[in-house]
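Undergrad:
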Amino acid sequence: MNANARLTAEENRVAELAAWGLSQKEIADTLNKSVNTVMNQFRSIYAKIGINKINELSAWWFCVNFNISFDLSPIKRKAGAVVLLLLFSSQLLDFDDTLVRRVRRGRRNEIEYTTEF
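Sequential numbering from 125 applies to the sequence shown in my numbering.
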């Protein structure tokens, strides 16, 4: 992967949206472009960066934008990815909405999920 790849402003925007998990169709809709144009931009991005998978593009974008080195060992990269995932997902998840309660009915235990409104 080439950390010093120079992407155009549009390619960078496509890479950013892909890094945040949007599909090619969603990116096309967001940027008011055709899906074919977005696919061509992905090909150009992949060629410039030297990758061929969307998850590698996401990792590249986050590493470049958060100043994370590519020279880390695979274990350190995975640990960094897990930390970033936990940081971002902790804001998305709200564990207080669902209450779990064990109910004993006869010889078996059942779990009931209730949601407070």
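Here a beta-carbon is modelled for each residue, glycine too, at the ideal position from N, C-alpha and C.
So, helix, strand or coil for Ser158, using DSSP?
TA: Here residue 158 refers to the residue found at position 34 of the sequence shown. Ser158 falls in the coil class under three-state DSSP.
Undergrad: Can you list, in chain order, the residues of its chain with a C-beta nearer than 7 Å to that of Leu131? Leave out the 5 residues immediately preceding and following it.
TA: As a working note, residue 131 is residue 7 in the sequence shown. Excluding residues within five positions, the ones whose Cβ falls inside 7 Å are Ala139, Ile169 and Lys172.
Undergrad: Identify whether Ser147 lies in helix, strand or coil by the three-state DSSP scheme.
TA: Here residue 147 refers to the residue found at position 23 of the sequence shown. DSSP places Ser147 in coil when its eight states are reduced to three.
Undergrad: Find out if the Cβ-Cβ distance for the pair Leu181, Ala142 is shorter than 7 Å.
TA: Here residue 181 corresponds to residue number 57 of the sequence shown, with the count starting at 1. Here residue 142 corresponds to residue number 18 of the sequence shown, with the count starting at 1. Against a cut-off of 7 Å, the Cβ pair of Ala142 and Leu181 comes out as a contact.
Undergrad: Considering Ile178, what are the terminal residues of the alpha helix (DSSP H) in which it resides?
TA: In the sequence shown, residue 178 corresponds to position 54, counting from 1. Its alpha helix (DSSP H) spans residues Ile178 to Asn189.
Undergrad: Do you know how far the Cα of Gln165 is from the Cα of Ala133?
TA: Along the sequence shown, read from residue 1 onward, the residue named residue 133 stands at position 9. Along the sequence shown, read from residue 1 onward, the residue named residue 165 stands at position 41. Rounded to whole angstroms, Ala133 to Gln165 spans 11 Å at the Cα level.
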